[in-house]
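Protein chains in written order, with UniProt numbering: chain U, 1 to 487; chain V, 1 to 847.
Where is the CB? At the ideal position from N, CA and C, for every residue including glycine.
Every value quoted in this text rests on a predicted model; they were computed, and no experiment measured them.
Below you'll find the structure, written out as structure tokens, and then a few comments.
This is the structure in structure tokens:
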């Protein structure tokens, strides 16, 4: 909520010209109304040698919360912003950027009728932001500002000096220095990069946001090495707002009940997955292996249990041999994304009759799942705590009892082959365990035995002679009564 | 077929049946229906024609009209309501559809024929403007079809056929409602329900003696109920029959037939049946009996009703078990299920049919008591219990006392008959892990609770609860309770305070609660601990293999990721419970505790760092610079107005905020530094302690804390206040001021009586929280104490939170009652799931 802009001067070019450039008189404290509180401009120092303008935004935290209630009220839809305990009154966030553009709009555009020549020329500038929220840390701050000609000092702010073990906060104390930039360019850098670094979602992004970005980024954004990151973060807020749907609020409340962050429980869908997912080769190989197994089994009516965002369901629908495909997931959000992916509301009647998405849970038996030819549990079991696996086992193999069951899960032995994966880490934050080949076989074998299935195992992906394939697949086929007797 | 020509015919019609009126157009069906049945019982095809086409006489709409008629009739019959179909039904095909419908819902089809002369019908039609155009030939055809149908009605499947001939008879007939044979809801016993006897006469006498019967009569007026299979295999089937038949005859017993009686009955009627499965023994034993006795037996078996609904519908007795939709129904299918149960069509390794585990799916409110399948122990599963404990196979003969739900048994004197396969429980359920069904929890639901009827859960809240319950919660068997949310005290009018104890005391005084306890509010995380005496106790009571209990959060998540840490906490708790002698004193081998786990930073560290400490860090970084800038400007003579002093106040508020959250953080290492403050024993074996007064609760818990040698347990400080005594109230306020002044979170004010109702019989809030002034900075933000903020915050709305707190409280109590009553897992889980679902309702989270 606070930043300063300073310049130095000479008798010919006094520093106090900053007042003309900013259109704000150095000897007066001025206040302006903005959407989230009052913005003040004042000059702690103003002489020919040195002049500093300070922008202070008094955010009203209660108004921030109250305005945020309900959709389309122009308020703050983001869960974190709906808190009274909020860093917005202190941190230099997108709120400050909005205030900056409102208070210094002419300066931002490089307009100065009193000193037009000075507005067009570079001047020695120092910008200080004592509490800048920076997702990506000091490193990203430097990567963003240095290519623009700034000398960057970015020191991380510790979370709490009494609890050093908590480490650094996401704020940095930022100082930028340059003698090569015009004031207009400097302001436009701040206007774009403060929200980009903050990366919070605080207001409804208007349809003209792209235009605003293009205008503010003119002359510096196109050539910026981090252009992609800047653009996507700046505009990604738009998407995060549209997905702010009711489906999420119930989970927000349950997270609050537990004093935990919503991301801890509303994590069934990865953060970056909504942007058109680049299919990793392994995911493709996995789907191919599943399709092969299903095709061999002759299954026509198939369940995808734990269908997530519906990639496999989509794949299955492309094959007319599958006359009915049911995707089930426990996450309402995942199902909503799957429905969008499958364009369920626009499918023709015949196609729509082939597919259904259900919310359900394998922690419970479910009569809707009875009578299908096959069920797929692709990358599902590892998302359950081990003590709850017997319930899943009974729900699928004891109760639903499809003739064929395909289960895939990571092979933990292969993890040493992932270069990007630190040793001992699982592949996904929500994996409660990852099995070795022997562990998977032991579990699958026991399940097959208990419920009268035969099971075979197949590798998915390159079968490393030492550590096996990255994904392991078990294909269960129910024994007929006759076979059971013979056995 | 009943026919007759006398005036004033009386037509018995079963209370749950599908009544089909048969008669030509104009024969007076609608008038007859109006006169003898409730308007809502009657569905007419004309009305349905009107529904679908706006014209009651539009014959082109007939097909759709009958679809609607069948649909409505189906809904009524499924709900157990008698239904009268007012359509001509003169054609066999039309009647066949109705008979199919009756069969589908297992009710009796009854035909009432209105055989009125064609001329009369034609005259009546002509007198009605809407039917004046009806051609005469239509009525003629109707009459012809009716006449040719008359002889076949019973063969078509109608179980009762009443034919009324002529206008006179139709005019003067009366309809009387008859109860079904299986409806004995008016009998409330008490009952002693006795399992499969199979000719074990000596064991039966021993059991009857143990139950208190003297020569077949109970001095206390109890009634014995036999679940069938009196005969075959055992040593003295005639003796058993003699005893049971005498008791039934004298009104001291009821009896439903088993498959063995059924087969023997067919043998007695001269049908050819195989003398297997012990029938040969019965036939041989009966050979020595008089012809007269054999005839009595035949008559007795013939008279048996397949199942009984007793005690106001709370109890159903039959031989092989019965799903809820068949209770009180009458059809061949129902009888067959009651006698033989349902099989999957497969046979097992012993060549015996595999039985469908109907009891696993059972969700009915009526207890179903049955036999048929020999099991080693009689155990409740989803409100059903099988009493066949294999007396004839050398097991025991078991009885269930109703409504006491006590089991009484006598051991078999010997193995009278070798079983085809070893006795074992076929149901994978009871307490050994039968999974829950999605239908128990999904969608919009209404949960009936003892303390507040009909609590509604919305679909979207159930969906969120399903996600959290499935992905994050501990095993539902170890999750018998979730704590309800608690409302804060009414917003205070005291200057500078948003919450203050005065309102809490006043509120309870207004509710008629004279004595309250103020309990220190520990600033930690809510924790529920289920601690069992040992792994064996956990297995026996909760059906889990390995863990000795659980420790979970308000949304059912395990507190510690590592089960070993949970076990370490449980070990310490267990040791304290043992040392305090509570296992014996409370006569239990498990305890469910409501508690607070500290420090807050242990579980909430993510939130602390991301939100609370972050705000502290940002404010700490920004204010020195901002204040320096303001001072600089002021020093230059710029008028900064009130801005400087305002910013100084904000800086001070932010510092106070940081100080506030720091009180609730301290480092821990393993369990070192971890504290658990129990404040209520929720339940023990067989008992919910939710109604135990808080002074007694705290006395128990004090002993627990005293006997804890590990330093884990932490006492809860408390003060008792008389809400009507000013000095006492003042002392309560002072105590709170002192505690919160030292950084304490605040207190919870509860009626000492724990479970209390107000003068109008409504539940009183089980507690209200009264949070400290500094602590509330963590909730309402660092600057909430500023007068303008406070003024706005006072507009907070408490009503929804209070209602939510009571609804969750009622569900929590219900879960405990169900747990204590030994009800099936799904019943307990239903209430627990309800609490979680309600927690996702939109309510101001700061309350």
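Give the straight-line distance between the Cα atoms of residue i and residue j, rounded to the nearest whole angstrom.
i	j	result
residue 385 (chain U)	residue 198 (chain U)	35 Å
residue 287 (chain V)	residue 199 (chain V)	15 Å
residue 105 (chain V)	residue 562 (chain V)	52 Å
residue 543 (chain V)	residue 537 (chain V)	9 Å
residue 467 (chain U)	residue 414 (chain U)	5 Å
residue 2 (chain U)	residue 689 (chain V)	56 Å
residue 157 (chain U)	residue 468 (chain V)	35 Å
residue 839 (chain V)	residue 486 (chain V)	11 Å
residue 471 (chain U)	residue 318 (chain U)	24 Å
residue 77 (chain V)	residue 456 (chain V)	26 Å
residue 152 (chain U)	residue 174 (chain U)	7 Å
residue 278 (chain V)	residue 419 (chain V)	11 Å
residue 123 (chain U)	residue 793 (chain V)	48 Å
Kindly list, in the order they appear in chain V, the residues whose Cβ is closer than 8 Å to that of residue i.
i	result
residue 170 (chain U)	614
Please confirm whether residue i has its beta-carbon closer than 7 Å to some beta-carbon of chain U.
i	result
residue 460 (chain V)	yes
residue 611 (chain V)	yes
residue 427 (chain V)	Low confidence applies to residue 427 (chain V): its pLDDT is 34, below 50, so where it sits in the model is not reliable enough to give any reading.
residue 555 (chain V)	yes
residue 781 (chain V)	yes
residue 607 (chain V)	yes
residue 831 (chain V)	no
residue 273 (chain V)	no
residue 632 (chain V)	yes
residue 827 (chain V)	no
Identify every residue that forms a DSSP beta bridge with residue i.
i	result
residue 411 (chain U)	U:435
residue 151 (chain U)	U:177
residue 520 (chain V)	V:747
Considering only heavy atoms of the ligand NAD, does any lie closer than 6 Å to the CB of residue i?
i	result
residue 233 (chain U)	Here there are no bound small molecules, and the ligand NAD is not part of this structure.
With a cut-off of 7 Å, does the C-beta of residue i fall near any C-beta of chain V?
i	result
residue 453 (chain U)	no
residue 230 (chain U)	no
residue 379 (chain U)	no
residue 400 (chain U)	no
residue 153 (chain U)	no
residue 85 (chain U)	yes
residue 130 (chain U)	yes
For residue i, which residues in chain U fall below 9 Å Cβ to Cβ?
i	result
residue 293 (chain V)	Correct list: empty, because the minimum Cβ distance to chain U is about 45 Å.
Which chain V residues sit within Cβ distance under 7 Å of residue i?
i	result
residue 361 (chain U)	438, 466, 470
residue 163 (chain U)	665
How would you label residue i, buried or exposed, when you count the other beta carbons within 10 angstroms and need 16 or more for buried?
i	result
residue 795 (chain V)	exposed
residue 680 (chain V)	buried
residue 264 (chain V)	buried
residue 40 (chain U)	buried
residue 443 (chain V)	exposed
residue 437 (chain V)	buried
residue 834 (chain V)	buried
residue 824 (chain V)	buried
residue 277 (chain U)	Residue placement at residue 277 (chain U) cannot be trusted, given a pLDDT of 42 that sits under 50; the coordinates are not used to answer.
residue 527 (chain V)	buried
residue 421 (chain U)	exposed
Which bits of chain U does residue i rub up against, with CB to CB less than 7 Å?
i	result
residue 804 (chain V)	Ordered by position in chain U, no residue passes the 7 Å Cβ test against residue 804 (chain V), which lies about 11 Å from the chain.
residue 603 (chain V)	259
residue 72 (chain V)	Correct list: empty, because the minimum Cβ distance to chain U is about 26 Å.
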